[in-house]
Structures are given as C-alpha cells and as structure tokens.
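Visitor: Chains as they are written, first to last, in the numbering used here: chain A, 162 to 313; chain B, 443 to 605; chain C, 14 to 382. The beta-carbon is built from N, C-alpha and C at its ideal position, and this holds for glycine as well.
1. With contact counted as at least three CB pairs below 8 Å, one residue from each stretch, are the stretch 44-54 of chain C and the stretch 135-154 of chain C in contact?
2. Look up residue 14 of chain C in the DSSP assignment and say whether it is helix, strand or coil.
3. Determine, for residue 234 of chain A, whether the minimum Cβ-Cβ distance to residues of chain C falls below 8 Å.
4. Looking at chain B, is there any beta carbon in it that lies within less than 8 Å of the beta carbon of residue 290 of chain A?
5. Under the three-state reduction of DSSP, which class applies to residue 505 of chain B: helix, strand or coil?
6. From residue 28 of chain C to residue 229 of chain A, what distance separates their C-alpha atoms?
7. Note the first and the last residue of the continuous beta strand (DSSP E) segment covering residue 25 of chain C.
8. Does any residue of chain B bring its CB to less than 8 Å from the CB of residue 227 of chain A?
9. Does the count of Cβ pairs from the stretch 63-78 of chain C and the stretch 267-280 of chain A closer than 8 Å reach three?
10. Can you confirm whether residue 154 of chain C, when its beta carbon is compared against all beta carbons of chain A, has any partner nearer than 8 Å?
11. As a quick exercise: from C:374, C:88 and C:135, pick the residue whose alpha carbon is nearest that of residue 166 of chain C.
12. Let me know if residue 470 of chain B comes out buried or exposed under the rule of 16 or more other beta-carbons within 10 Å of its beta-carbon.
13. Does DSSP put residue 219 of chain A in a helix, a strand or coil?
14. In angstroms, rounded to a whole number, what distance separates the CA positions of residue 117 of chain C and residue 272 of chain C?
15. Compute the Euclidean distance between the alpha carbons of residue 186 of chain C and residue 557 of chain B, then round it to the nearest angstrom.
16. Return helix, strand or coil for residue 163 of chain A, following the three-state DSSP convention.
17. Look at the Cβ atom of residue 277 of chain A, then the Cβ atom of residue 303 of chain A, and state whether they are nearer than 8 Å.
18. In three-state terms, what does DSSP make of residue 318 of chain A?
19. Suppose the cutoff is 7 Å on Cβ atoms and the five residues either side in sequence are ignored; what does the same chain contact list for residue 179 of chain C look like?
20. I need the straight-line Cα distance from residue 327 of chain C to residue 71 of chain C, nearest angstrom please.
21. 8 Å is my cut-off, CB to CB: does residue 604 of chain B come that close to chain A?
22. Relative to the C-alpha of residue 248 of chain C, which residue among C:239, C:238 and C:232 is closest?
23. Would you identify the three-state DSSP class for residue 177 of chain C, choosing helix, strand or coil?
24. Along the chain, which unbroken stretches of the beta strand (DSSP E) at least 3 residues long are found entirely within the stretch 214-275 of chain C?
25. For chain B, find out if any of its Cβ atoms is closer than 8 Å to the Cβ of residue 315 of chain C; answer yes or no.
26. I'd like to know whether the C-beta of residue 237 of chain A is nearer than 8 Å to at least one C-beta of chain C.
27. Cα-Cα, which of B:543, B:565, B:478 and B:494 is closest to residue 524 of chain B?
28. Please determine, among C:242, C:284 and C:35, the residue with the shortest C-alpha to C-alpha distance to residue 258 of chain C.
29. Taking just the CA atoms, how far does residue 82 of chain C sit from residue 382 of chain C?
30. Let's test the definition: count the other Cβ atoms within 10 Å of the Cβ of residue 222 of chain C and tell me whether it reaches 16, buried, or not, exposed.
31. With 16 as the cutoff for other CB atoms within 10 Å, does residue 503 of chain B come out buried or exposed?
32. Assuming residue 353 of chain C contacts residue 229 of chain C under a Cβ cut-off of 8 Å, what Cβ separation, rounded to an integer in Å, is found between them?
33. The beta strand (DSSP E) spanning residue 515 of chain B covers which residue range?
34. Considering only residues of the same chain and omitting the five flanking positions on each side of residue 247 of chain A, which have a CB-CB separation below 8 Å?
35. Just list the residues that DSSP pairs residue 90 of chain C with in beta bridges.
36. What residues of chain B sit near residue 381 of chain C, judged by a beta carbon separation below 8 Å?
Set out below in structure tokens:
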C-alpha cells in the first residue's frame, strides 16, 4: 500500500520537475553567490530556472541566509502566498543552526521551526555549484517519489 | 577663534597624527559642537555611546571630521545613566545627526531632546530593555528565547556556550 | 478647498526586491510623483557591535567580514586597523601591501556589482550579465586562491597582518585578472556609459548638491560625484596609501549618471594602485605573531577606511580585557540609504526610484549591521 500522502505529494511535486520558477528572498549573504547563478557564469536558465518577481508565480522559495525577527514574518507571508506545489530551499549555515549568528539576539536559529524546508544547502555562503546540486536533488527526490508510487 | 582655541581649555589628547580626543562637560557640548561646525568640522562621521555601567554613566562620543583641516576630532561627554538625556545636535548637523541619534535612542535608550523623530529603527515590537545596554543580559535572552533546555542537542547552549 | 491628503497612497518599495539584501522604502505617491519617502531598515539587523563584545579580536576578524557581504575584505581591514591601533602594532610591510591589493580588488568587484545593479535598474539585462561575469574572475582567481573562499575570507586580513602569504603564482593571476578588468571597463564604456538610453535614464536624475551632500553625511563616491574632492585614502591615509600615486575622480553634476561614472573611474584608479603595489611589494614576514588569548591594551581607537561605498569606520574601546568593551561600526550605507535616499526620492517619478536607489551603491547589510 502506498499511503495517500505520498501519492498526493508525488502528483504535486511532479509538476515541479519541468522547470523551476524561483522567488528570491535575498537576505544579504544569499545574494552574492546567487548572482553568479543567475548571471552569465553559471546561468541557471540553461536548466529552466527563472527568477520571478511575484511569489504567486513561484515554485521554489530561496531563503538566502539568516532571518531576523523582522524578516521572518515576511518570509512566512511570502510562503503563504505561493501556490502549491511549492518547495523551500534554505541557503547557508545560518538557516540551519544560526551559523555565525548563533548568539545574536535578533536572528532566528532554525528556519524549519517557522516554515517547512524542503532542502538545506550548507555553506557560508554556499557555492553556486551547491545550489545546482540542491536543485538536482529536488528533481531526484520527485523522481523517486514517482517511482515509488508507480511501482506498487 | 580657531578650532584649537575652542577645545584648548579641555586638555585635548593627541593620539597620533589626525586623531584628537577631548572630554567636554555635558552642558557645554552643544555650544562647542556648534562652534566647531562653524570652524570647519562639517562632517559628523559617527555618533556613538559607551555604557560605563560601573561608573553609572553613559559616554556619548561625537566623531567629527573636517574636510578643511583633515583632522578627526572626537568629542566625548558623560551623562548620568539614571537620567539619560542630552540635547540633540540635530539643529547643528541636521539629518546626519538625526539618524545616528535615532539609532542610539533605540539601542541604548538615550533621550535626545529636540530630535524630531526617535521612532524605532531596526527592531519591531521590542518590549525589553534597550538591547545594547550592559545590563541587558544578552546571552540569557538568547538562550531562553531560542534554545530549549530539554532538547538534547540544544542543552550545550545552556550549559556551556551561552553561560 | 480640496483636502490634499486625499489621493496619496503608500507604495512599499521592498523589502523583497531583486536587489541586494532586504530593505524597504515606503513611498507616499501622488499619481506618478513621490511625495515622501521613508526608509524602513532592520531586516538584516544582527547586532554585530554586541556580538563583538563577546569575542576576542581574532574571532572578531571572522565576524567583521560578515558586516557587508558585497565587500567583506574592506570590513576585515577596518577591524584589523582598529585593533592594530589599540595594540600599537606596526605590522610588517608586506602585510600592508597585501592588505591594500586585496582591498582594491574588493572595491573593483563591488563596483562591478554596482554597475550590474545599475543596469538592471534601468532595464538593461546585458549589463547585469557582463558585470557579474567579470566579477567572477576576481572571486575565482584572486579571492579563492588567496583567502580560501570565494566570498567570505574568514578573517584573512586579521589584526597583526594577514593569515598566510600570497600563493606562489599570484602575480601571474593578478595581472591576468587586471587585463580582464580592463576589458570590463571597455565593455561598460561601450555598452553602458555611452548608451543613450542609460544616459537618458540617469542624467539629471536624483541630483545631490554639494551642500546637501555634506549636510546629509554622504561619503565616498556619492560625495565625490557632488563635486567635493575627498577620499579617506588620501586625506587620512592608512596602510601604504600615502606612498602610492593615484587620482581622486570628482564630478560636479551630482546626478545618478555621475555617481556611476565615478565608480567607473575608481576602477581604473584601483587598477593603478594594484599595479604599483605589486611592483613595490617587498618580501618578508606577512604577519606578527599574535597570541589568540592575548589581552588587549587599554585604550580606544577610531579607524576609518575608504570602502567601496564610502567611509567605513570602527570605534573600538578596550578596558584591557581579552575582548573589546564596545565596538561601534559606522557603515557608509547607513547614511546613504536613510537620510540621503529619503531626501533624493522626494518629488521624483516612481520609475526613477530603482535608478536612484542603485546609484547610491547600496548595501543594506552594513546599514543594519
């Protein structure tokens, strides 16, 4: 028996695989290593990744780095505005444990306490290659899900 | 009156070339800054506050730069911690002073009398003490807000790192 | 009489915009005209000044480069200068040269991001691609071999010198990259600065007069574009800048175009500085021996440098403990993005807001700290 959740998940995520539209919630540290990803050096459009200006058009929310108390509220709001299926990619060590700012009074320590995170990319900041690997892993994950659902 | 004469009575220290420090009593600061501005110290490089909690004082430092003389003059003054009020230098340095004072008001809770707008700058819905004061227990605040004592992984923050 | 308040509405510019970092300006608009602009910072406030009070100078070197992501080495440098001055250290000659070379490369790559952003703000996507592409040469061939990481040098410029010596083939790489940067300047001249569309969008937009520039506390390229010849490297020299020959570009117009153009001329001057420093760099020690558990001397210092965005400064107070007692960071964008931007956006068209915003060479991270 394949549980219903997985089936729904596979159907939803299956739509993601064709091309990923990204909404950037740039938070400083994310910006510098995402710029080469967007621009000519790594050029993510080769893989069908496009940056959109509106969360309502986006499939993936990239949270680039630490979130302060003030900005996390906006993140949650943006996340809620995104239509299903959606995935969240969290860049940087600071989204995992607080990173450099583990003892700062104004930054949150773990992003998944606030919104569901699909994939964490460690690094301070993560290299552009790591971002691509993360995208690849989302694809793989979707394929895996599809296989599991079909196989039974 | 040249700028050297303005600060002559207050024993300025020359740290090195282009760095001069001077301590001035609280009630004279405004006039002296006004005179210094007229003499050519046009650029307010920074405005800072140091919390000397053992003395019970706040030290306010004005870092002035003169495009004419190429000197960085730091004017320092001490005010009581209990009565943290000082006349704003907004009329002298205009908006550049306004924004520094607004920041210091938020982080140290110092009242700048005469500043038109001291609304919060960085922090949203902040109800605690001004966070940069020395008596605000920063580490206690962080660990109780973000780290769970019961959690096995986060115990170390309580017992070792944020002690 | 008609109530003038009717008809205004508030337009938030940000906090999520495809620029650098998160920063919001609330615009009160009347049709297409901005009546009032009010900055709303704080999305990136981490409390660096307080974080540094809990760390030793060598740990702080790592923290300091996080102040501004777009030019981490400049912030490393200003922190190292502040500690050096308190400790009374005279660092080895070679370390000074290495610091200057890296600081200038940081300026160049920061300005390339600036032009990229500027071209994006005026709807010129090609400029964005080119700028970021050229910047990657610096990250890949200079920063990564020297500091070990593409962006954050993790305290490469530390109190007492630098962490380790330059790699062996650094000269070759350095000259190769400089050739590429020359090409970048040519490209930007052709594509951006002589582009009639870009000129139309930026010339005469967001004019900042001399008096206003001083009054609002502008520094760096912004004040130089308004006709005031000032540069911390020349007026308040640190490291070896007093021995080097370079010009300070100044323009009188004070508009967005001249601010961008100052940046372009600064890249040329920076390349000149790097070439001179590479020729004169002596051999020898690259750092003093620093005990990580040392106690700082009692005293205070105010270190200023010319970062890519303007005057960056750190005021440090030490009571003779292992950690500094108080650190105050003065970010150039703090002044540029709040008082100056609020002033410039008044009575402008909405379409010009991104242009003016990007012409300030923004970095919200060093504003919020």
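Guide: In this structure, then:
1. Counting Cβ pairs under 8 Å, fewer than three are found: no touch.
2. For residue 14 of chain C, the predicted structure reports a pLDDT of 43, less than 50, and the residue's modelled location is therefore unreliable. The matter cannot be settled from this model.
3. For residue 234 of chain A, no Cβ of chain C is located within less than 8 Å of the residue's own Cβ.
4. Closer than 8 Å: no.
5. strand
6. 13 Å
7. 21-26
8. For residue 227 of chain A, the nearest beta carbon of chain B is not closer than 8 Å to its own beta carbon.
9. no
10. For residue 154 of chain C, the closest Cβ of chain A is not nearer than 8 Å.
11. C:88
12. exposed
13. Coil, per DSSP.
14. 18 Å
15. 53 Å
16. For residue 163 of chain A, the predicted structure reports a pLDDT of 47, less than 50, and the residue's modelled location is therefore unreliable. A value from the coordinates is still provided. In the structure shown, residue 163 of chain A sits in coil (DSSP, three-state: anything other than H, G, I, E or B).
17. Contact flag unset, no.
18. Because chain A in this structure spans residues 162 to 313, residue 318 of chain A falls outside the shown range and cannot be described.
19. 111 and 159
20. 16 Å
21. Yes, residue 604 of chain B counts as interfacial toward chain A.
22. C:232
23. coil
24. Complete beta strand (DSSP E) runs here, min 3: none at all.
25. yes
26. Taking Cβ atoms only, chain C never reaches closer than 8 Å to residue 237 of chain A, which makes this a no.
27. B:494
28. By alpha-carbon distance to residue 258 of chain C, the top candidate from C:242, C:284 and C:35 is C:284.
29. 11 Å
30. Classification of residue 222 of chain C: exposed, given that the 10 Å Cβ count is below 16.
31. buried
32. 5 Å
33. Element bounds for residue 515 of chain B: 514-522.
34. 219, 220, 221, 222 and 240
35. None, per the DSSP bridge assignment.
36. 564
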